[in-house]
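First the structure, in the form of C-alpha cells, and then the observations on it.
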Amino acid sequence: MTPQEILATHGPRESMEYDVVVVGGGPGGLATAIRLKQLAAEKGTDVSVVVLEKGSEPGAHILSGAIMDPIALNELFPDWKERGAPLNQPVTDDAIMFLSEKSGTRVPNMLLPPIYANHGNYIISLGAFTKWLGEQAEALGVEIFPGFTGAEVLYNDDGAANYGGLPSVKGVATGNMGVGKDGEPTENFQLGMELLGKYTVFAEGARGHLGKQLIEKFKLDTDRDPQSWGLGIKELWEIDPAKHKPGFVMHTAGWPMDSDTYGGAFLYHLEGNKVALGFVTGLGYSNPYLSPFEEFQRWKTHPNVRYYFENDKGEINAKRLGYGARAINASGINALPKTVFPGGALIGCNAGYLNVGRIKGSHAAIKTGMQAAEAAYDAIVAGRQHDELTAYPEAFEKSWLHTELNKDRNFKNWFKHGLTVATLMNGFEQFVLRGHIPWTLRRDKPDHAYLKPAAECKPIVYPKPDGKLTFDRLSSVFISNTNHEEQQPAHLTLRDASVPVNINLAKYAGPESRYCPAGVYEYVKNEDNTDRLQINAQNCVHCKTCDIKDPTQNIVWVTPEGGGGPNYAGM
1345 MTPQEILATH GPRESMEYDV VVVGGGPGGL ATAIRLKQLA AEKGTDVSVV
1395 VLEKGSEPGA HILSGAIMDP IALNELFPDW KERGAPLNQP VTDDAIMFLS
1445 EKSGTRVPNM LLPPIYANHG NYIISLGAFT KWLGEQAEAL GVEIFPGFTG
1495 AEVLYNDDGA ANYGGLPSVK GVATGNMGVG KDGEPTENFQ LGMELLGKYT
1545 VFAEGARGHL GKQLIEKFKL DTDRDPQSWG LGIKELWEID PAKHKPGFVM
1595 HTAGWPMDSD TYGGAFLYHL EGNKVALGFV TGLGYSNPYL SPFEEFQRWK
1645 THPNVRYYFE NDKGEINAKR LGYGARAINA SGINALPKTV FPGGALIGCN
1695 AGYLNVGRIK GSHAAIKTGM QAAEAAYDAI VAGRQHDELT AYPEAFEKSW
1745 LHTELNKDRN FKNWFKHGLT VATLMNGFEQ FVLRGHIPWT LRRDKPDHAY
1795 LKPAAECKPI VYPKPDGKLT FDRLSSVFIS NTNHEEQQPA HLTLRDASVP
1845 VNINLAKYAG PESRYCPAGV YEYVKNEDNT DRLQINAQNC VHCKTCDIKD
1895 PTQNIVWVTP EGGGGPNYAG M
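Under this note's numbering, the residue at position 368 of the sequence shown is numbered 1712, and the numbers go up by one with no gaps.
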C-alpha cells in the first residue's frame, strides 16, 4: 500500500494544535523553541511549542567537529556557564598545515586572518551540547517528541489567496510506524499524527528532507547559486596522555587530495585525553573513483597525524571510540534561498547558513532560530498566522551573522581554480581586504553535475585497512550504534530501478558504492551474472550524501521510522 492508501484506509489521523511546530531537535530548532518560551515568559503571555526529533533523543543524530563560537549562545543564555553548558575545553592553540605526502608546513599564526582564529571558542561534543539544550527547552515548557519523524508537509486550502497561488503550510505529519517491507501495515502499525501550527519552523539540518521539498515547491532558490555540499566524516579517539594537548586545534589542506579537489581535515584535542578528527570532501569532485571514506583513512597515516596515535616505537596505542558522517552546507550566502514562505521558515543548515571558511554552523543555527522565533512570536501576539514571517530575513540582513557570511562568500568558489589560487585569494580577501570584497564569485552547477564518466578518469587504488589506525566501513558503522527496524520499507528510494545498473554502473563505475561512508550501496551479481544494486538501508547513518551526489538524482532519501539511524555518543 502507498502512504496515501494507508491514510485512506486507516485515517483520519489524530491532530494536535500548537502555536509553533518545530521540525528538528538540533541546536537551531531547540534555540527557536527556547526563544519563543523566553519571550512568552518575559511578556506574560503563553505560546505553545512542540519540537519533533527523529533521533531517539536530542543529540542522538547530531554530528559535528566541533568548535563552537559562543556568540549566539551568549545571546540565548548569557548565564550558560552557570547553567552547566558542556563547553569545557577552550581553544588554546591554532594550527593550519599544508600537507604533502610525507611532510607538512604550518602557517605562522601571525599570518592567519582574524576570521579563521579560534581564540575564545570551545572544542565541544555538539551532541552533548544539544542534549543539554533539550533539557533547557523542556525546563521552559517546550514539548519535545523524540523518535518522531516529520514525514510530510501539510498545507491549508488557501492557495488562491497566497504566494503564487500556492497554499500556506499548516504543519507536518509524523511518519507511520509498523509498516512492513511490502508496504502493508503489520500488527504493530500506528498511523502518524498531524501537528498543526500557526507557523512551522524547519530545522532538519543540511539537505533536510522536507526543506528540500519546500525549496522546490515555493521556488525559494530562484536567482540563487546552486547549493554546494561537503561530506564530513568523523572519528572520536582516546589517545596517550603524553600526546594529548588540551585545546589544540589543527586543520590541514593538501594531501591526500589532489590540488583540484576541494577537501580538508581537522584534529581537535578535547578534554579527557580525547581527540576528534575528521575529513571533509567537497561533493563537487569529478572523479567517480574517489572515495571520501578511504581518503579519510589514508589521511590518518600522514606522519603529522599518525604521531598522535602511536608510541615511540611507532605502534598504535590509541583507541577509536566513535564514528559518524554527515553532509554539510558549503556554499555560503550566495546560495542561501529565501527562508520564509506562507506559514513557515527554514533555519540553520536546513537553509544553508554554515560558514564554510570557519567550518562553523552551530552559532548560525542558534542565531537564525532565535530570529525566526522573535518574528513568529510578534506575529502570533498580533493575531497573525500562516503568512510570511518577513521580519526574520530582515533581522538576519541587519545582524552580525549576515556580516560574517558576506565576508566569507567567495571561500568555497575559489577552490574551483585549484588549491594554490584558493589559498592565495582567500588569504588576500581576508587578511588584506579584511573581508571587504569588491567582487563576488558565482557558481552555476550543482555538485552532482561535476562527476565525469569513469572512462575519462583514473582509478584510485586505496591501501587496505590495518584495523588499528585505518578501518573498513562496516566496522566503522558498528561503533556509530546505527540501527533501523529491518522490516520497514527502505528509506533510500529509487525513482527508476533500472538507472543504477544502466547508467551509474555503466557510465560512472558505480560511484554510490564509494561516496557512501556507511556501505549502504553495493553492486552484486545475480544468478545469471547480471549486475544489480543492493541497498543495505540498515547501515545508513543519515548523512544524505546519496541524495546529493547521485549523478542522475535518482536516489531520494526519505525518513525512516522515528528513532532509527545512528545513536552517537560523545560526538
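Glycine is no exception: its CB is placed at the ideal position from the N, C-alpha and C atoms.
This one's a predicted model, so the numbers in the text were calculated from it and none came from an experiment.
Proximity of residue i and residue j at Cβ, strictly below 9 Å
i	j	result
residue 1903	residue 1398	yes
residue 1396	residue 1533	no
residue 1404	residue 1706	no
residue 1569	residue 1788	yes
residue 1915	residue 1620	yes
residue 1583	residue 1640	no
residue 1389	residue 1868	no
residue 1911	residue 1877	no
residue 1545	residue 1406	no
residue 1796	residue 1632	yes
residue 1853	residue 1782	no
Burial state of residue i, where buried means 16 or more other Cβ atoms lie within 10 Å
i	result
residue 1454	exposed
residue 1723	buried
residue 1753	buried
residue 1822	exposed
residue 1807	exposed
residue 1519	buried
residue 1679	buried
residue 1772	exposed
residue 1618	buried
residue 1778	exposed
residue 1850	exposed
residue 1824	buried
residue 1918	The displayed coordinates of the chain run from 1345 to 1915. Any statement about residue 1918 would go beyond what the structure contains.
residue 1549	buried
residue 1486	buried
CA-to-CA distance, residue j to residue i, given in whole angstroms
i	j	result
residue 1530	residue 1855	35 Å
residue 1686	residue 1537	22 Å
residue 1650	residue 1447	12 Å
residue 1376	residue 1887	23 Å
residue 1883	residue 1510	38 Å
residue 1684	residue 1732	6 Å
residue 1547	residue 1798	37 Å
residue 1623	residue 1354	46 Å
residue 1472	residue 1839	37 Å
residue 1563	residue 1681	9 Å
residue 1630	residue 1762	13 Å
residue 1751	residue 1543	32 Å
residue 1793	residue 1627	10 Å
residue 1516	residue 1790	28 Å
residue 1879	residue 1866	7 Å
residue 1872	residue 1845	15 Å
residue 1470	residue 1408	6 Å
residue 1712	residue 1736	8 Å
residue 1740	residue 1810	48 Å
residue 1836	residue 1766	36 Å
residue 1386	residue 1484	12 Å
residue 1527	residue 1352	14 Å
residue 1889	residue 1586	37 Å
residue 1729	residue 1834	36 Å
residue 1899	residue 1784	33 Å
residue 1443	residue 1658	20 Å
residue 1634	residue 1605	10 Å
residue 1419	residue 1429	14 Å
residue 1566	residue 1535	36 Å
residue 1907	residue 1501	32 Å
residue 1770	residue 1776	10 Å
Cut-off 7 Å between Cβ atoms - residues of its own chain near residue i, not counting five sequence neighbours on either side
i	result
residue 1452	none
residue 1340	There is no way to answer for residue 1340, as the model of the chain reaches only from 1345 to 1915.
residue 1363	1391, 1392, 1393, 1541, 1542, 1724
residue 1625	1574, 1575, 1607, 1636, 1639
residue 1413	1465, 1704, 1707
Own chain partners of residue i with C-beta closer than 6 Å, once the 5 adjacent residues on each side are dropped
i	result
residue 1593	1435, 1438, 1462, 1612
residue 1717	1376, 1379, 1380
residue 1609	1596, 1623, 1643
residue 1721	1380, 1383
Beta carbon proximity, residue i to chain B, threshold 9 Å
i	result
residue 1694	The structure shown contains no chain B, having only a single protein chain.
Cut-off 8 Å between Cβ atoms - residues of its own chain near residue i, not counting five sequence neighbours on either side
i	result
residue 1558	1497, 1513, 1546, 1564, 1685, 1688, 1690
residue 1433	1466, 1467, 1468, 1590, 1591, 1613, 1614, 1615
Inspect the CB distances between the region 1357-1365 and the region 1458-1473 and report whether three or more fall short of 8 Å. no
Per the contact definition of three or more C-beta pairs closer than 8 Å, is the region 1571-1583 in contact with the region 1661-1677? yes
Would you check if the region 1894-1903 and the region 1673-1681 touch, i.e. whether three or more CB-CB distances between them fall below 8 Å? no
Per the contact definition of three or more C-beta pairs closer than 8 Å, is the region 1849-1866 in contact with the region 1817-1831? yes
Hey, is the region 1691-1703 in contact with the region 1745-1758, meaning 3+ C-beta pairs nearer than 8 Å? yes
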